[in-house]
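Let me begin by presenting the structure, written as C-alpha cells, before commenting on it.
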Amino acid sequence: MATNPSNVVSQPNVQLIGLARQLVQNHLLDENTALKALEQSRKDNIPFVAYLVENKLAQDKDIARTAARSFNLPLFDIDALDLDSAVVRLVDEKLLRRHHALPLHKRGRRLFVGLSDPTNQRVLEDIKFQTRLDIEPIIVRQAQLAKALDNAVESSASVMTDGDIGNLDFGSETDAAA
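Per this note's numbering, the sequence shown runs over residues 7 to 184.
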C-alpha cells in the first residue's frame, strides 16, 4: 500500500506522548497538529499547553479537564483562592515563569503547585529542589494560571519592597551632623 508523502509527518525528534497523546485520544487535537505544536513549543522554549492556548489550537478548559482526568489530579479554579505572597516567594520568580507554575498553598512539608501541564516533571523536580518540600501538583487552566502568576509575582514583589523599606536604616539626625 503506497503512502501519500503529503500526509506523512516527518518529525523524527518529536514523539506523541503524555498530555499531547491524551489530547489526541480525546479528540481535542489531531495527531499532526499535536506533533507540530510539540515541536514548535520546544523550539520556542515555552510549555506545550501555553503554546496550544496562545495559538488557539485548543481551549484551556478542555486541556485542563483532560489533564486532570487522564493523570488523576485535582482540577482547581485558581480564581477562588487568595494567594499568600509568602507561599509564592518560596519559589524563584524566574523558575515560576519559565515553567508556568504557581505555588498555591503550603501545608506542613507539602507545597501544592498549580500547573497546566502535569507531564512537565522538570518543574516539580526544580521546585522540590529549591524548596526542599514535597510537591503536590494541581491542574489549573492555562489562562487563569498566567493571570494569577502575573498578579502573584507583582503582589509578592510589592510586599517585599514595602517590607524592605521598613528595615532600611536612613540614619539619624546626629549621624548627619557628624
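Even for Gly, the Cβ is constructed at its ideal location relative to N, Cα and C.
- [ ] Please name the residue, chosen from R71, L121 and H33, that lies closest to T101 on a Cα-to-Cα basis.
- [x] Per the sequence shown, residue 101 should be read as Leu rather than Thr. L101 has its Cα closest to that of L121, out of R71, L121 and H33.
Task: Collapsed DSSP secondary structure at A107 in the structure displayed - done: Here A107 sits in strand by DSSP.
Open item on the list: Does the contact criterion of 3 or more C-beta pairs under 8 Å hold for the stretch 56–72 versus the stretch 83–102?
Closed with: Contact between the stretch 56–72 and the stretch 83–102 is absent, because fewer than three Cβ pairs lie under 8 Å.
Task: Rounded separation between N78 and L35 - CA only - done: Taking C-alpha positions only, N78 is separated from L35 by approximately 20 Å.
TODO: Measure the C-alpha to C-alpha separation of D123 and I145 and round it to an integer number of angstroms.
DONE: Each residue's Cα considered, the two are about 7 Å apart.
Task: K112 vs V93 beta-carbon contact at 8 Å - done: Yes; because the gap between Cβ atoms is below 8 Å, this pair is in contact.
Task: Check whether L139 and L108 have beta carbons under 8 Å apart - done: The beta carbons of L139 and L108 sit no closer together than 8 Å.
Task: Secondary structure of K100, DSSP reduced to three states - done: Helix.
Task: Three-state secondary structure (DSSP) of R95 - done: Here R95 sits in coil by DSSP.
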